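Residue numbers (full-length UniProt numbering), protein chains in the order written: chain A, 1 to 362; chain B, 1 to 278; chain C, 1 to 286. Here a beta-carbon is modelled for each residue, glycine too, at the ideal position from N, C-alpha and C. Just so we're clear, the structure is a prediction, and the values are computed from it rather than from any experiment.
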Amino acid sequence: MAELSLKNVVKRFGSYEIIRNASLDVADGEFVVFVGPSGCGKSTLLRMIAGLEHITDGEIHIGDTLVNDVEPADRGIAMVFQSYALYPHMTVEQNLAFGLRMTGNPKADTDRRVQRVADILQIKELMQRRPKQLSGGQRQRVAIGRAIVREPRVFLFDEPLSNLDAELRVQMRVEISRLHKELGTTMIYVTHDQTEAMTLADKIVVLRGGNIEQIGAPLDLYDNPANQFVAGFVGSPKMNFMSAEVTATDSDNVTLTLLNQGNVRLSLPLKNPPPAIGDAVTLGVRPEHFAKAGEGVADLTIAVDVAEHLGNTSYIYANVAGGEQLIIEREESRNEIKTDTLTVAIKSSHALLFDKTGNRLR
Amino acid sequence: MKSQSRSTLVRSLALHAVLIPLAIIWLFPLWMMLVFATMPDYGIFSPQIELLPSTHFLENLSNLQADTDFIRALMISVSVAIVYTILSVLLTSMAGWALARYQFVGKSLVIAIILGTITLPYFVVVIPQFIMVAREFKMANTWIALIVPPLFNSLGVLFMRQAFSMMPAELFDAARVEGVKEWQIFLRIALPLARPTMAALAIILFLASWNNYLWPLLINSRPGMLTAPVALGTLIGLTKVSWGGIMAGAVMLTAPILVIFILLQRHFIAGIAAGAIK
Amino acid sequence: MQLRNRAAYGFLAPYLMIFATFWIWPIISSFLMSFQNTRVNPWVFSLGANWGRLFNDPAFYNALKNTMIILIVQVPVMITLATVMAVLLNSPLLKARGLFRFAFFAPVVVGEVAYAAVFRLMFNLDFGIINKLLNSVGIPSISWFAEAPAAMALLIIAVTWRWAGYNAIIILAGLQSIPGDVYEAATLDRVSKARQFIYITLPLLKPIILFCVILSIIGSMQLFTEPMLITNRGGPGGGTETLGLFLYRQGFTSLNFGYASAIAYTMAALAIVISLLNLWVGRDQK
Ligand SMILES: Nc1ncnc2c1ncn2[C@@H]1O[C@H](COP(=O)(O)OP(=O)(O)OP(=O)(O)O)[C@@H](O)[C@H]1O
Ligand SMILES: [Mg+2]
């Protein structure tokens, strides 16, 4: 059990700065998820925590030790890899025990630990098979088992589920969640699947281009994204973004013209120092935050492109001028959405506003 | 449909009409080796066309043994080839592993030197090697002289480096996280996974050592320290010598390696093809 | 991290020591020796002793000429044969594939001394099976060892027998790496088999065949055991003396190390020129 902290961690490959000044505190027993688009540095950050990658600058603490120069094996971590990385020439049992055997752990203790893992993960009947003879889900389970055997203070997962099909993924996700509850160990989990992030995490770290964009609880990020990137990244279907121009401001309000919606005007309360008149801004509204016509700050009339009926809810896709697409979620019965055009209202309470560079204004 | 199977038949006949004579020509020298080796000398030098083996193989062998101590030479050749193969596979695997899986100062220099010099003719180094081993180390006519200098061969380094760099990196990272030492990772994970490549390499190296002629000829010229090819080679061109014996020796040199070839054909061909294509 | 990479030196060191001692240092050493008169004690620097002599030595030109003749005749013949073997072996119509593969590939494993001995016997003037067979179809005996052109032909035949299969293995591997759907597409387009071979197979094989040519040139340039043992030390009268044999004679019979080094570097220079030529031709293709 241990807390973990990163202080101004930097990673450079040659002149490329892959991780810029990352700082993060993880509490003991917390489940932290790193999420971000491909190539943003999630794996690199995780591998630096593991000690597989040297850090260029900054400090990493696990428990109360500075581990910058501590070998991976001595950091009290265990890691599960995307490709499982099971030793192909060893049986499951040998895979689980290999690390302990090589480091001279007493045989009785090794056996006990391996047995316990086999129990926890229900892989007893697989012990004498080789990785080739296992299904994807079974391999993943063994890979996790190999991490548990080490009884680490921190678990590190690098996209452990991305090689599984959709159904297994959900199942394993639940299992990892259960495991976290059972073991109560700190876990750091990398994924680019924001559903995994939302469902598993106590705390999500959103990365982009080597920067930590925001750290927070899943619903915090959902309700209160720090910027346009996070707003767009968290949530599925994605938040709608509409280009707008500031047409008027006063001390508490800002008035916008939606450029691609037939210049609909709306006015929103705004406490922050207001943008200048004429500034380009972006209005962000989640699909479920549209109301019936007349119930919000402004009505939009849109041409329905495609309507997807999922039973409990429906998604309406509309192409708008300027290449924008709107997705609107409607819970009323599917028969009501037969029309070619639809009028919906924007609720001011959930409308977000971003400036040109993506910073949140409201 | 009918005309198609007809043209297939014609093509098949044409194919075999070319290949069968070619194969017979290609097998002919090997067949004659066997024929000569089993024939008494008066049979070899008879004016008749003799195309069938006879029964004098053992007699020929004992004639050969009278001309030179061939049994000892064979024993030396076998031992040298085995020890050389093991050492060379081990050394080049280690080097290939280092060059495939680590970042260190001088790495690209080493690779560049190996690649840049691999096609240099052996004759460029044979003279200094000879001077060094025979004159400076005074090690002519020793086992070490036969085994160690040829270990320079860098084919295995490239071969093994290729094999190791194709293995997924996460495998070794997983072991590192578990506290497995680097040499244990090499021995317990990398080497077992590289077994097919090692087999192909071992066969090629064994063959090279077994058939090696020039270096053993130069460095071990004392009777009693000759390798089998050298012992046999010195007889060729002598006048009073049993040719049946020489051919029996040729069979002794060739037969074991042919058996290995037949048994391990797949590895063998893979080795040659991979060595060439890289 | 840094510590881990330091392990690399441990893995590399044993091989590197041998590589440096028995390969790199000799390469340098023989280069230096080629500029030294090694017949005086101590050796002294001298351009004329080796390089000067080399370019005025009729024996060197003879060896160079013989080597070149062998190269120019043997390599094309062998590579053509090897390509034919590989293409035929790759045919799906072939029966008893294993047997044919054995026939062509077996010579690759036969030692030089063993096959030299067989060829000597087979081509013997009076008792050799080849002349007997020639006589039986009315062709007079050829004195393979006494006449230089015949002796050269014999060497070429021997080397071709031994190495054609080796090249065929490489070319066959290349053939098998051509994806089958290329041919399926061509067949659907009604391209005949013969045209498929000319317009698909050969162009795709070109780099591999080129590679075999280079490998064979460099190999044949170093020809030594065959003229040593089959044609009896380059006989008749130096008629089959190759550069390799000439070097051996100078270096290890006359013990003139400097001169032999100069010969070795001449061979190296030729090899380098040929490799560069290969690079240049390869560049041209793309
Ligand atoms: N050894 C290296 N040398 C140079 N650049 C590297 C190296 N390793 C990774 N990178 C670069 O660092 C960046 C981050 O890589 P990383 O693997 O951490 O991304 P990621 O967020 O895990 O992406 P993914 O979701 O695709 O796994 C990438 O642009 C990658 O190209
Ligand atoms: Mg990654």
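Closer than 8 angstroms to the CB of GLY156/B there is not a single CB belonging to chain A. One Cα belongs to ILE27/C, the other to ILE147/B, and the distance between them is close to 20 angstroms. Short note on LYS42/A: C-beta closer than 7 angstroms to some heavy atom of ligand 2. At a beta-carbon threshold of 7 angstroms, the residues of chain B lying near HIS89/A are PRO192 and LEU193, ordered along the chain. DSSP places SER5/A inside the beta strand (DSSP E), whose first and last residues are 4–13. In the three-state reduction of the DSSP assignment, LEU266/A falls in the strand class, which pools E and B. Secondary structure remark: continuous beta strand (DSSP E) runs of at least 3 residues inside the region 146–175 of chain A, in chain order: 154–158.
The beta carbon of PHE60/C does not come within 8 angstroms of any beta carbon belonging to chain B, so the residue lies off that interface. Under the 10 Å beta carbon count, GLN171/A is surrounded by fewer than 16 other beta carbons and is classified as exposed.
For ARG20/A, no alpha helix (DSSP H) run applies; the uninterrupted beta strand (DSSP E) run containing it begins and ends at 16–26, by DSSP. Taking 8 angstroms as the threshold, the shortest C-beta distance from LEU58/B to chain A does not fall below it. For the region 68–81 of chain A, the beta-carbon criterion of a distance under 7 angstroms to any beta-carbon of chain B is satisfied by PRO72, ALA73, ILE77, ALA78, MET79 and PHE81. Collapsing the DSSP output to three states places ASP223/A in a helix. The beta carbon of GLY251/C lies closer than 7 angstroms to those of PHE257 and ALA260 in the same chain, with the five residues before and after it left out.
For LEU223/C, the closest Cβ of chain B is not nearer than 8 angstroms. Annotated as distal: ILE328/A and GLY296/A, with beta-carbon spacing of 8 angstroms or more.
LEU94/C and PRO121/B have their C-alpha atoms spaced approximately 39 angstroms apart. Ligand 1 has no heavy atom closer than 7 angstroms to the beta-carbon of PHE81/A.
Distance check between ILE142/C and each of ILE156/C, ASP126/C and PHE19/C places ASP126/C closest, using alpha-carbon atoms only. For MET198/B, the three-state secondary structure derived from DSSP is helix. Selection ARG112/A, ALA197/A, ARG265/A and VAL264/A evaluated against GLY235/A yields ALA197/A as nearest (Cα-Cα). DSSP, reduced to helix, strand and coil, places GLY237/B outside both helices and strands of the structure shown, so it counts as coil.
The three-state reading of DSSP puts SER236/A in coil, since its state is none of H, G, I, E or B. Taking C-beta separations shorter than 7 angstroms and ignoring five residues to either side along the sequence, the partners of ALA22/A in its chain run LEU6, VAL9, LEU45 and ILE212, following chain order. Of the residues VAL109/C, LEU255/C and ILE274/C, the one whose Cα lies closest to the Cα of ILE127/B is LEU255/C.
Secondary structure at GLN129/B: helix, using DSSP grouped into helix, strand and coil. In the structure shown, GLN265/B adopts helical secondary structure according to DSSP, grouped into three states.
What GLY244/C touches in chain B, judged by beta-carbon distance under 8 angstroms, is PHE123, going in chain order. Between SER77/B and THR227/B, the C-beta spacing is below 8 angstroms. Sorting MET85/C, LEU172/C, LEU89/C and ALA63/C by C-alpha distance to the C-alpha of PHE224/C places ALA63/C at the top. Exposure of PHE45/C is indicated by the presence of fewer than 16 other C-beta atoms within 10 angstroms of its C-beta. Only PRO229, LEU232, GLY233, ILE236 and GLY237 from the region 222–237 of chain B bring a Cβ to less than 7 angstroms from some Cβ of chain C.
GLY239/C is positioned such that its CB atom lies no closer than 8 angstroms to that of ALA158/C.
Between ligand 2 and ASP220/A, a heavy atom-to-CB distance of less than 7 angstroms is absent. Collapsing the DSSP output to three states places GLU30/A in coil.
Closer than 8 angstroms to the CB of GLU136/B there is not a single CB belonging to chain C.
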